[in-house]
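If you read the sequence shown in numbering that gives the first Met the number 0, its first letter stands for residue 0, the second for the next number, and so on.
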Amino acid sequence: MLTRRGLLKSAAIAGATAGLGGLSSAVALGEDGRWETAIPATTDATMVGVPFERHEKVRLGVIGVGGRGTGVLSNFLAVPGVEVKAVCDVVPERTARAAKMVERAGQGTPAEYHSGDHDYENLCKRDDLDLIYIATPWIWHVRMVLSSLKNGHHTATEVPAARTLDECWAMVNNSEKTRRHAMMFENCCYGETELMVLRMVKAGLLGELTHGSGAYNHDLRGELFSNGGEGLWRRFEHLDRNGNLYPTHGLGPVANYLDCNRGDRFDYMVSMSSQSVGLQAWREQHLQPDDPKMKEVYHCGDQSTSLIKTAKGRIITLEHNVSEPHPYDRINLIAGTKGMFRDYPARLYIDGQKEGEQFVGLDGYKADFEHELWSSKGELARKSGGHGGMDYIMCWRVIQCMREGIAPDFDVYDAAAWSAPGPLSEISVAKGSAPVKFPDFTRGNWHTARKFAGV
Ligand SMILES: NC(=O)c1ccc[n+]([C@@H]2O[C@H](COP(=O)([O-])OP(=O)(O)OC[C@H]3O[C@@H](n4cnc5c(N)ncnc54)[C@H](O)[C@@H]3O)[C@@H](O)[C@H]2O)c1
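This is the structure:
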């Protein structure tokens, strides 16, 4: 077993060789009984609060135009000030479809990159891009982020940004070294409800916050076994991983309510996984006995439940379940000394309210707390589409930050911290649900107060 002393020594070694990433993710038992991983040293300055340079237009490259990438491309094309210069996918018909969308939007013909798995590197080498958006299978995200950063481009990747702690650190180290932002496009942070609740929380409606809860409970069984789209890659994540595979949709909004990386931070977590039976039961019902998928062995528990403790003592519960039947639910709960909010459906309870001890809807609060992004652009967002309009609002806001030359709402530290429950839950589960520390990806800069979308 690696001791704390050994870990610190390996941290020093890793720090010395960190450069553009590459940290041993050895886990050691700390003196406080919690498992921990090394934090690499750096001489590079933080990216916390670093503004974008001003852009009159934002020149965009897109890597991955399958289901998600195509949807977000159409959102970007509806945002003023965006020029799509290049698109990439390993499937030529998809880059052709994307190029047509760009042409139809009156932007001319973008360059197409579709010559194999690594043609994205050629897109990244272009010198006429300001932002690269990545919507590919998870195993590709970070290598594409690094290629983009090293070529001088700001980067936005889909969720989860990273699958391992090494990948989290590689993003952080390279963003700091290249002075380019590596954002993760956590669209749920821009939901109409989430931004309104953020305003209510900041106005003190719920008092001093003590706990929150988030989830990705989404019946994906049909999609996971399909012969196209995510069925070609996402099911494989269930073969040898066991933990929360998709933590960011539930965690991002709750992290914002609790000011994580903006005055508080995730300290440690414990995690449990149920047995793995849901996918097996589904395929028995839906596949032929000789289907090769019948031979696959899934290790990922159907239900993943984790508890996160923050540095300020607050608690977050986090769930993941894509393998069993249930209605869609991100929970989205936040509570404190004066009341609580929970979603699905959205409902609020404020101590002493005239309606008595029962939840009430948000309608009565809209006039005071609707976020300006939604009051001014909600109609266009709903028309543009993408998860009820949140995708358009996110694209619009990121482009606004780049055009105005202000710091992004979310940065590489959020990308790393919100992705980290993936690998940390795997470590905790493997160690009998032992507590595992979050690395402080900000290296001490989490105290800095910052706003999210102006709130
Ligand atoms: N934020 C959200 O609400 C949301 C919703 C859906 C998916 N996603 C995320 O978006 C990403 C993509 O998911 P999807 O549903 O679009 O999957 P998809 O399978 O439909 O699309 C992925 C695309 O990437 C392409 N691709 C694969 N390897 C490539 C490579 N080396 N170079 C270039 N292109 C490559 C594929 O050909 C495919 O077109 C995933 O990270 C997923 O988790 C996010």
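Ideal Cβ placement from N, Cα and C applies to all residues, glycine included.
Positions of the alpha helix (DSSP H) runs, each at least 4 residues long and wholly inside the segment 394 to 448, are given as 411 to 418 and 420 to 429 in order along the chain.
The three-state secondary structure of Thr-304, taken from DSSP, is strand. The straight-line gap separating the alpha-carbon atoms of Leu-208 and Ile-333 is approximately 7 Å. Under the DSSP assignment, Phe-368 falls outside any beta strand (DSSP E), being part of the alpha helix (DSSP H) whose first and last residues are 365 to 368. In the DSSP assignment, Ile-314 falls within the beta strand (DSSP E) that extends over 314 to 320. The C-alpha of Ala-97 lies about 26 Å from the C-alpha of Phe-224. Sixteen is the threshold: since fewer than 16 other Cβ atoms of the shown chains lie within 10 Å of the Cβ of Tyr-327, the residue is exposed. By the C-beta density criterion, Met-293 is exposed, having fewer than 16 other C-beta atoms within 10 angstroms. Across the structure, Ile-307 and Met-170 are spaced so that their CA atoms are roughly 23 Å apart.
A contact between stretches requires three or more CB pairs, one per stretch, nearer than 8 Å, and the segment 388 to 400 meets this requirement with the segment 74 to 92. Ranking Arg-329, Val-158, Gly-211 and Tyr-245 by CA distance to the CA of Val-253 puts Gly-211 first. Distance from the CA of Lys-376 to the CA of His-248, rounded to the nearest whole angstrom, comes to 22 Å. Residue pairing of Trp-34 in beta bridges, as defined by DSSP: Leu-28 and Val-435. At a cut-off of 8 Å, the beta-carbon of Ala-419 does not count as near ligand 1: no heavy atom of the ligand is closer than that. A contact is defined here as three or more CB-CB pairs under 8 Å, and the segment 139 to 154 meets this definition with respect to the segment 113 to 127. Between Asp-408 and Phe-451, the gap from beta carbon to beta carbon is short of 9 Å. Contact between the segment 274 to 293 and the segment 407 to 425 is not established, with fewer than three Cβ pairs separated by less than 8 Å.
If one requires a minimum length of 4 residues, the alpha helix (DSSP H) runs lying completely within the segment 167 to 231 are 191 to 201 and 220 to 223, in chain order. Residue state for Ile-138 is assigned as helix, using DSSP reduced to three classes.
Remark: the shortest separation between the CB of Asp-118 and any heavy atom of ligand 1 falls under 8 Å.
Checking the 8 Å criterion, the Cβ of Arg-93 is within range of a heavy atom belonging to ligand 1. DSSP places Arg-346 inside the beta strand (DSSP E), whose first and last residues are 346 to 349. Beyond the five residues adjoining it in sequence on each side, His-217 comes within less than 6 Å, by CB distance, of Val-321 and Tyr-327 in the same chain, given in chain order. Under the three-state reduction of DSSP output, Ser-374 falls in the helix class. Each of Glu-157, Val-158 and Arg-178 was checked against the Cα of Asp-43, and the nearest Cα belongs to Arg-178. Rounded to the nearest angstrom, the gap between the Cα atoms of Gly-63 and Leu-204 is 42 Å. Between Thr-316 and the set Gly-115, Ser-270, His-54 and Cys-167, the nearest pair of CA atoms involves Ser-270. Rounded to whole angstroms, the Cβ separation of Arg-261 and Arg-381 is 29 Å, and the two are not in contact under 8 Å. Secondary-structure assignment with DSSP links Ile-330 through no beta bridge to anything. The alpha-carbon separation between Arg-313 and Met-199 amounts to approximately 18 Å. Between Glu-236 and Asn-444, the alpha-carbon positions lie close to 33 Å from each other. For Arg-341, no alpha helix (DSSP H) encloses it; the enclosing beta strand (DSSP E) starts and ends at 338 to 341.
Of the heavy atoms belonging to ligand 1, at least one sits nearer than 8 Å to the Cβ of Arg-67. The Cβ atoms of Ser-424 and Ser-305 lie closer than 9 Å to each other. Ile-131 has its CB no nearer than 8 Å to any heavy atom of ligand 1.
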